[in-house]
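Inspection log for the structure reproduced underneath, given as structure tokens.
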Amino acid sequence: MTRLLSPTLTIPHGSFLMGACLEDKFANDTERPRHRVEITRPFEIGVYPVTVAEWAIFETQHDSSAANDLPVVNVSHIDITRYLDWLNEASTGPVWRLPSEEEWEYACRAGTETIFSTGDQLEKSDANFLFDEAIERIGPGCRTPVSTYPPNPWGLHDLHGNVAEWTASQWRPDSRDGTACVPHRYTIRGGAWDYLPRLLRSSWRDGLEEHTRRDNLGFRLARDAD
Numbered sequence: 465m466t467r468l469l470s471p472t473l474t475i476p477h478g479s480f481l482m483g484a485c486l487e488d489k490f491a492n493d494t495e496r497p498r499h500r501v502e503i504t505r506p507f508e509i510g511v512y513p514v515t516v517a518e519w520a521i522f523e524t525q526h527d528s529s530a531a532n533d534l535p536v537v538n539v540s541h542i543d544i545t546r547y548l549d550w551l552n553e554a555s556t557g558p559v560w561r562l563p564s565e566e567e568w569e570y571a572c573r574a575g576t577e578t579i580f581s582t583g584d585q586l587e588k589s590d591a592n593f594l595f596d597e598a599i600e601r602i603g604p605g606c607r608t609p610v611s612t613y614p615p616n617p618w619g620l621h622d623l624h625g626n627v628a629e630w631t632a633s634q635w636r637p638d639s640r641d642g643t644a645c646v647p648h649r650y651t652i653r654g655g656a657w658d659y660l661p662r663l664l665r666s667s668w669r670d671g672l673e674e675h676t677r678r679d680n681l682g683f684r685l686a687r688d689a690d
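Just so you know, we're using the numbering used here here: the sequence shown kicks off at 465 and counts up by one.
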């Protein structure tokens, strides 16, 4: 059975400044201090989040009324672990997994150091979000097909908005290695279709219990590069 996979891109190793920049007025303490992170080896990551069609091969009745090209939602971290176990049964080479939050932010920034990968502002043409900072509704108010909005400088779609995304990283009160993790709670990134731009920033992060399911929360695949 074909286990339909999203296209992936290989992200080169390198380093970046993780966390909020000084100019970011919406940053909070979970995004500080800004610090340099080394990505020591290349990795593959999904060009866009896992879709309804992909998940349906694993679980046919999940989100069955939704269009195939929408990102899948209402999947918990526990659900994704089951999906990855299933997916890797048929995989050769490096196993599929969730990206770490360091890998996620590195891929999202795509070499930028600004608030968003688009600069210090996010326009309604850049990503799927519901309200602007004046609380004026400007977005579609629902998920949109993956790749509807332009890619970031590295060719990746929907890292800002559409659906927030689970990562492999347990939640920490700040994003530095070595700080204590909260058991059974995992970091999410990216922001979603019903958010304001302030929650779509490259450094924005939050933590959710592993059993959480939401209609604005999905994930994308990653694995070590061959």
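Built from N, CA and C at the ideal position, the CB exists for glycine as well.
A quick note: this is a predicted structure, and the numbers were derived from the prediction, not measured.
Exercise for the section: Name, in chain order, the residues that DSSP records as bridge partners for ARG649. Expected result: Mapped onto the sequence shown, residue 649 falls at position 185. DSSP, once it has assigned bridges, lists GLU673 as partnering ARG649.
Problem - Distance CB(ARG653)-CB(GLU508) smaller than 7 Å - result: Within the sequence shown, the letter at position 189 stands for residue 653. Within the sequence shown, the letter at position 44 stands for residue 508. Contact: no.
Exercise for the section: Closer than 8 Å by C-beta to VAL627: which residues in its own chain qualify, once you throw out the five before and the five after it? Chain order, please. Expected result: As a position in the sequence shown, residue 627 is number 163, starting the count at 1. The residues are PRO513, PRO535, VAL537, ARG607, GLY654, ALA656, TRP657, ASN680, LEU681, GLY682.
Practice task
For THR578, collect the residues of the same chain with a Cβ closer than 6 Å to its Cβ; drop the 5 residues on either side in sequence, then sort them by chain order.
Solution key: Residue 578 sits at position 114 when you count from the first residue of the sequence shown. So the qualifying residues of the chain are ASP584.
Exercise for the section: Starting from the Cα of LEU623, find the closest Cα among ALA632, ASN592, SER479 and give me that residue. Expected result: Looking up residue 623 in the sequence shown gives position 159. The shortest C-alpha separation from LEU623 is found at ASN592.
Handout entry: Beta carbon of GLU565 nearer than 7 Å to that of SER470
Key = If you number the sequence shown from 1, residue 565 lands on position 101. If you number the sequence shown from 1, residue 470 lands on position 6. Contact: no.
Handout entry: Start and end residues, beta strand (DSSP E) containing PHE507
Key = Taking the first residue of the sequence shown as position 1, residue 507 is located at position 43. From DSSP, the beta strand (DSSP E) with PHE507 extends over 507–510.
Problem - Sequence-distant residues of its chain with Cβ nearer than 7 Å to ARG433 (five each side left out) - result: With the chain covering only 465 through 690, there is no way to say anything about residue 433.
Practice task
Name the one or two DSSP bridge partners that ARG601 has.
Solution key: Taking the sequence shown and counting its residues from 1, the one referred to as residue 601 is at position 137. ARG601 pairs with PHE595.
Problem - ILE599 beta carbon less than 7 Å from that of LYS588 - result: Within the sequence shown, the letter at position 124 stands for residue 588. Within the sequence shown, the letter at position 135 stands for residue 599. Not closer than 7 Å, so no.
Problem - For TRP630 and VAL646, believed in contact at Cβ under 8 Å, the rounded distance - result: As a first step, residue 646 is located in the sequence shown; it is residue number 182 there, counting from the start. As a first step, residue 630 is located in the sequence shown; it is residue number 166 there, counting from the start. Between TRP630 and VAL646 the Cβ distance is about 15 Å, and since that is not below 8 Å, they are no contact.
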